[in-house]
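K.L.:
Numbering (our numbering), first residue to last: 99 to 237.
(1) Taking DSSP as the reference, what is the three-state secondary structure of residue 111?
(2) Here's the rule: buried if 16 or more other CB atoms are within 10 angstroms of the residue's CB, otherwise exposed. What is residue 233?
(3) Once the 5 residues before and after residue 112 are set aside, which same chain residues still bring their CB inside 6 angstroms of it?
(4) For the pair the stretch 127 to 143 and the stretch 180 to 198, tell me if three or more CB-CB distances fall below 8 angstroms.
(5) Where do the N-terminal and C-terminal ends of the alpha helix (DSSP H) with residue 227 fall, by residue?
(6) Would residue 145 be called buried (16 or more neighbouring beta carbons within 10 Å of its own) or exposed?
(7) Determine the DSSP secondary structure at residue 192, reduced to helix, strand or coil.
(8) Within the continuous beta strand (DSSP E) that includes residue 206, where are the two ends?
(9) With distances taken Cα to Cα, identify the nearest neighbour of residue 147 among 166, 228 and 235.
(10) Can you tell me the Cα-Cα spacing of residue 136 and residue 159, whole angstroms?
(11) Among residues of its own chain, excluding the 5 on either side of residue 152, which ones have a beta-carbon nearer than 6 angstroms to its beta-carbon?
(12) Is the beta carbon of residue 196 sitting closer than 7 angstroms to the one on residue 172?
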């Protein structure tokens, strides 16, 4: 029984660490620091934005975060689940995006899944991230 309780506590702390990493990534994005936001993507990591090719290089990840951190963009997300097993885990949740350009505002709301891998230093890095809208396609 004690071993089961210890394993459960350890898993809970890993899940807390995942949520904390997820929120630290959000803070870097909201601080408009594209380089820091991109640094959350681990070696060999990839992002899968909607209606676009996979983003697989660090330079392209930083370019994507440059778009997310541009003036007029407001991005927020909230993890609603975090599960860890060994050195892999995931977070999932919802996001809201608002973009204002040329006097026009576009709003989006959707969901995401991020797969994380625990690094040798104990930190968590993103290995895969995918997100998509809950809104119908624009006509």
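Even for Gly, the Cβ is constructed at its ideal location relative to N, Cα and C.
P.N.:
Looking at the atomic coordinates:
(1) helix
(2) exposed
(3) 182
(4) no
(5) Residue 227 -> not in any alpha helix (DSSP H); beta strand (DSSP E) instead, spanning 222 to 231.
(6) buried
(7) strand
(8) 202 to 216
(9) 228
(10) 6 angstroms
(11) 144 and 146
(12) yes
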